[in-house]
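Please read the structure below before turning to the comments.
In this note's numbering, the protein residues as written are 116 to 615.
Written out as structure tokens, the structure reads:
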């Protein structure tokens, strides 16, 4: 199998024209593509651009044939992102089938090739949506090879610079965390290290450190995290930077990323977050919006829309722990809105509107959203809740140990332990139940805190009756009450675990 590899897998072959002139061979190519049921988006004296049909095996490849001197260069390139970066021999098969179809077309058209060519060339419209000089996937050609995705060029300028910045930021993060691992393994130390590097978290952002909404876009937790984000950044950047213009592209990346970070802050209560995926989903949203318009030629639009929708749908499905779905949705939705603004801006003849429509709306949206978030989002007392939860667990374990496992001491010694240790700890536990209800928490943690508070009250009641039973040594007197309280505790626990 002749598999092609890369972020944008492709195969290319050069055909000498030999006895044919270029128009004759292009006519055979045109007929062969029609026979293969490929959508032809461009045809002229300099070449052809066509797209394969969508199927379970393929969500379209772009087939181009370019006349260069006395040869024709035929290329088949995957439109969408390919799993494991391989085309599974699709591009080579397209070229092989096309060459076979050209022989078939030549056999049937050989006697009338001159007349057919003349009629076809006469039918070429004066203006066409596409051109070989600026095809829909022109930017993707700039990413072929291992080094080229990192090299800024005219139509692919900010994408490689953003990739380089993200990679360098990860290297710094990795070095800092590696040194920390050698000296300290505590979660608190790592949390402080993440925050010192510029990662984002709701409590610190709401305290006014809103610069983290930007800095966290360039930081990642692991090498796989940054690797896959950069793969998708190169993929989407190569598709739209050359279409939007480099400054519109940079503005879109930064503003959709900040919006995604802001939505993440609104959604999460205490998690440390980071990553470029919010901004990347913003770029995908822009592409989906542009593909909803006549910004792209019809056949190219169909191929790009389906392949892009598949990539977005696969990655946006809210499955998996540790994935910031809030940021993904925030970036995608804001990107889709900005995509329409980009479309209307680029359609304007007024140069000022073309240049400033997206930047002005994007900056205004970010300013209003961030200001609203900082002004009206609640400051959740998640840290305080975690401290109280740890105290609850410690007291509960100690009380349980003294009640149920302290069996090798005399009755008087155990009674004294219950009076001097357990009852004061139970009273402290009861006070904490009241503190839990006073904390400002996210809706999900509020539910958890309410359940914990109820359980604490019931457990304190249980310990009270168990103490009286042990002190008076009369099991029959309190047994029914103890059983009722125990049943209530079990009911609450079962209901809670059933829904979580």
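In this text, a Cβ means the ideal position worked out from N, Cα and C, and glycines have one as well. Note that the structure is predicted; figures quoted are calculated from it, not measured.
Here the alpha carbon of residue 337 sits roughly 11 angstroms from the alpha carbon of residue 389. If you draw a straight line from the Cα of residue 542 to the Cα of residue 580, it comes to about 14 angstroms. If the five residues before and after residue 368 are omitted, its C-beta is found closer than 6 angstroms to the C-beta atoms of 394, all from its own chain and listed in chain order. Rounded to whole angstroms, residue 179 and residue 382 show a C-alpha spacing of 46 angstroms. According to the DSSP secondary-structure assignment, residue 326 is paired through a beta bridge with no residue. Taking C-beta separations shorter than 8 angstroms and ignoring five residues to either side along the sequence, the partners of residue 414 in its chain run 154, 155, 156, 165, 166, following chain order. For residue 188, the secondary structure class from DSSP, reduced to helix, strand or coil, is strand. Relative to the Cα of residue 562, the nearest Cα in the group 190, 500, 516 belongs to 500.
The beta-bridge partner set that DSSP reports for residue 177 consists of 166, 192. Under the DSSP assignment, residue 126 falls outside any alpha helix (DSSP H), being part of the beta strand (DSSP E) whose first and last residues are 125-131. Residue 288 places its beta carbon 7 angstroms or farther from that of residue 310. The alpha carbon of residue 455 has as its nearest neighbour, out of 442, 438, 474, the alpha carbon of 474. For residue 159, the enclosing beta strand (DSSP E) stretches over residues 154-159. Take residue 365, set aside five residues on each side of it, and the residues of its chain with a beta-carbon closer than 6 angstroms to its own are 273, in chain order. With respect to the 7 angstroms criterion, residue 551 and residue 568 are classified as neighbours on the basis of their beta carbons.
The DSSP-derived three-state label of residue 449 is helix. Inclusion of residue 219 and residue 195 in the CB contact set at 7 angstroms is not warranted, their separation being larger than that value. Distances from the CA of residue 570 to each of 187, 263, 488, 508 were compared; the closest alpha carbon is that of 508.
Per the Cβ contact rule, the stretch 347-361 is in contact with the stretch 250-264 (3 or more Cβ pairs under 8 angstroms).
Residue 143 is a Cβ neighbour of residue 221, given a cutoff of 7 angstroms. Closest in C-alpha terms to residue 439, from the list 271, 410, 391, comes 391. Pairing residue 334 with residue 152, the inter-Cα distance amounts to about 46 angstroms. Distance from the CA of residue 244 to the CA of residue 159, rounded to the nearest whole angstrom, comes to 12 angstroms. The shortest C-alpha to C-alpha distance from residue 419 to any of 133, 168, 138 is the one to 168. Contact between residue 161 and residue 247 is confirmed by a C-beta separation of about 5 angstroms, below the 8 angstroms threshold. Between residue 187 and residue 128, the C-beta spacing is not below 7 angstroms.
In the DSSP annotation of this structure, the continuous segment of the alpha helix (DSSP H) that includes residue 553 starts and ends at 538-553. Spanning the alpha carbons of residue 208 and residue 341 requires a straight line of approximately 33 angstroms.
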